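A short worksheet on the structure shown next.
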Amino acid sequence: MNKDIATPVRTRAILEKYGFSFKKSLGQNFLIDTNILKKIVEFANITEDTGTIEIGPGIGALTEQLARSSNKVVAFEIDQRLLPILKDTLDPYSNVKVIHQDVLKADVKEVIKDEFQTIDDLMVVANLPYYVTTPIIMKILEEHLPIRGIVVMLQKEVADRISASPGTKDYGSLSIAVQYYTEAETVMIVPKTVFVPQPNVDSAVIRLTRRTTPAVTVKDEGFFFQVTRASFAQRRKTLLNNLTSQLPDGKQKKEQILEALGGCGVDPTRRGETLSLEEFGRLSDALYPYFK
Ligand code: SAM
Numbered sequence: 003m004n005k006d007i008a009t010p011v012r013t014r015a016i017l018e019k020y021g022f023s024f025k026k027s028l029g030q031n032f033l034i035d036t037n038i039l040k041k042i043v044e045f046a047n048i049t050e051d052t053g054t055i056e057i058g059p060g061i062g063a064l065t066e067q068l069a070r071s072s073n074k075v076v077a078f079e080i081d082q083r084l085l086p087i088l089k090d091t092l093d094p095y096s097n098v099k100v101i102h103q104d105v106l107k108a109d110v111k112e113v114i115k116d117e118f119q120t121i122d123d124l125m126v127v128a129n130l131p132y133y134v135t136t137p138i139i140m141k142i143l144e145e146h147l148p149i150r151g152i153v154v155m156l157q158k159e160v161a162d163r164i165s166a167s168p169g170t171k172d173y174g175s176l177s178i179a180v181q182y183y184t185e186a187e188t189v190m191i192v193p194k195t196v197f198v199p200q201p202n203v204d205s206a207v208i209r210l211t212r213r214t215t216p217a218v219t220v221k222d223e224g225f226f227f228q229v230t231r232a233s234f235a236q237r238r239k240t241l242l243n244n245l246t247s248q249l250p251d252g253k254q255k256k257e258q259i260l261e262a263l264g265g266c267g268v269d270p271t272r273r274g275e276t277l278s279l280e281e282f283g284r285l286s287d288a289l290y291p292y293f294k
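According to our numbering, numbering within the sequence shown proceeds without interruption in unit steps and concludes at 294.
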């Protein structure tokens, strides 16, 4: 077996060989602990039949572990300076393809069609760049990619918000958006010491398992998300206040909003953070006829 990339000594040697300097603006915090990487791969339940999509391979620390377990790995990397390094470090693995692209601009569906033609089991696995964690996760979910799930390292604070339950301070439109599409669990808390350079915040690994059908069935998905975002616009305001101030022509439609709230049995003086996904589903369906 080849020497692991993710040890402090090997990582330093690679960085020195190429004179690589970290770009904070690209969220470059590389993992230097092989045990953590192996656990991430285990949490993703990757087998030799799994196709893996990675975002931000860096110098290949996680990519290497994924390549050893998966059928094939396709990794999106934005930073051109890392390409020659990856070519070198991942040379022993013939089942890895690195695509030089901003994942937010990539047509991931098309890449899946081209690169994973014979593979049914697909996972997204990454140590995400923290400056774009939420847009990346939402892009993957909203594009309805044919994946089993997502296992990613991110800021603990974002992991807390994603897996939060109703009635807690972390519960908000992000919890709802992610839990609508997936079952979300925080599977590991990770100390700062396993990265170079060390990030300023604590980290966690979350596992998002895609639901076969969304958590609630609604008339209009876009409107459902509009209602949830509106309901959390100002956390201390009541549902009625947020909906009237945030929905289009909400102030003129106050009576209709009250009627919809009454119709689905939700007290207008409640706050958004107390509503379950099912209640938001009922509320958005009740409001929909007045706003479509
Ligand atoms: N996977 C490596 C590891 O665990 O050591 C590096 C992880 S580092 C937190 C994030 C990586 O994502 C960096 O390599 C960075 O250049 C890359 N990156 C940042 N923004 C990106 C984007 N929009 N699309 C693709 N890659 C991106």
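Virtual Cβ for every residue (Gly too), placed ideally from N, Cα, C.
Please read all numbers here as calculations on a predicted model, not as lab measurements.
Are V75 and E56 closer than 9 Å when you measure CB to CB? Sequence index remark: in the sequence shown, residue 75 carries index 73 (1-based). Sequence index remark: in the sequence shown, residue 56 carries index 54 (1-based). Yes. Within cutoff.
If I measure Cβ to Cβ from I16 and keep anything under 6 Å in the same chain, skipping five residues before and after, which residues do I get? Position 14 of the sequence shown holds residue 16. Answer for I16: I61, listed in chain order.
Beta carbon of D269: closer than 8 Å to some heavy atom of the ligand SAM? Working through the sequence shown from its first residue, we reach residue 269 at position 267. No; taking the cut-off as 8 Å, the Cβ of D269 has no heavy atom of the ligand SAM nearer than that.
Tell me whether N295, by its Cβ, gets closer than 8 Å to a heavy atom of the ligand SAM. For residue 295 there is no data in the structure shown, the boundaries of the chain being 3 and 294.
In whole angstroms, what is the alpha-carbon distance linking F32 and E112? Position 30 of the sequence shown, counting from 1, holds the residue named residue 32. Position 110 of the sequence shown, counting from 1, holds the residue named residue 112. Computed Cα separation, rounded: 28 Å.
Return yes when at least one heavy atom of the ligand SAM lies under 8 Å from the C-beta of L106, else no. The residue given as residue 106 occupies position 104 in the sequence shown. L106 Cβ: within cutoff of the ligand SAM.
Rounded to the nearest angstrom, how far is the Cβ of P250 from that of F293, given a contact under 8 Å? Taking the sequence shown and counting its residues from 1, one reaches residue 250 at position 248. Taking the sequence shown and counting its residues from 1, one reaches residue 293 at position 291. The distance from the Cβ of P250 to that of F293 is about 7 Å, consistent with a contact at the 8 Å cut-off.
The alpha helix (DSSP H) that contains A262, what's its start and end? Position 260 of the sequence shown holds residue 262. It spans K256 to G265 - the alpha helix (DSSP H) in which A262 sits, taken as one unbroken run.
8 Å contact criterion, which Q67 and L39 should meet: CB distance rounded: Taking the first residue of the sequence shown as position 1, residue 67 is located at position 65. Taking the first residue of the sequence shown as position 1, residue 39 is located at position 37. Yes, Q67 and L39 are in contact; Cβ-Cβ is about 5 Å, under 8 Å.
May I have a chain-ordered list of the alpha helix (DSSP H) segments no shorter than 4 residues that lie completely inside the region 135 to 179? 135 to 144 and 158 to 164
Do I42 and L64 come within 9 Å of each other at the CB atom, strictly closer than that value? Position 62 of the sequence shown, counting from 1, holds the residue named residue 64. Position 40 of the sequence shown, counting from 1, holds the residue named residue 42. The answer is yes: Cβ separation under 9 Å.
Is it true that the CB of T188 sits closer than 9 Å to the CB of D162? Taking the first residue of the sequence shown as 1, we reach residue 162 at position 160. Taking the first residue of the sequence shown as 1, we reach residue 188 at position 186. Yes, the pair counts as a contact, with Cβ atoms nearer than the cut-off.
Meets three-Cβ-pair contact criterion under 8 Å: the region 256 to 267 and the region 198 to 213: no
Are the region 7 to 25 and the region 129 to 138 touching by the rule of at least three beta carbon pairs closer than 8 Å? With the cut-off at 8 Å, the region 7 to 25 and the region 129 to 138 do not touch.
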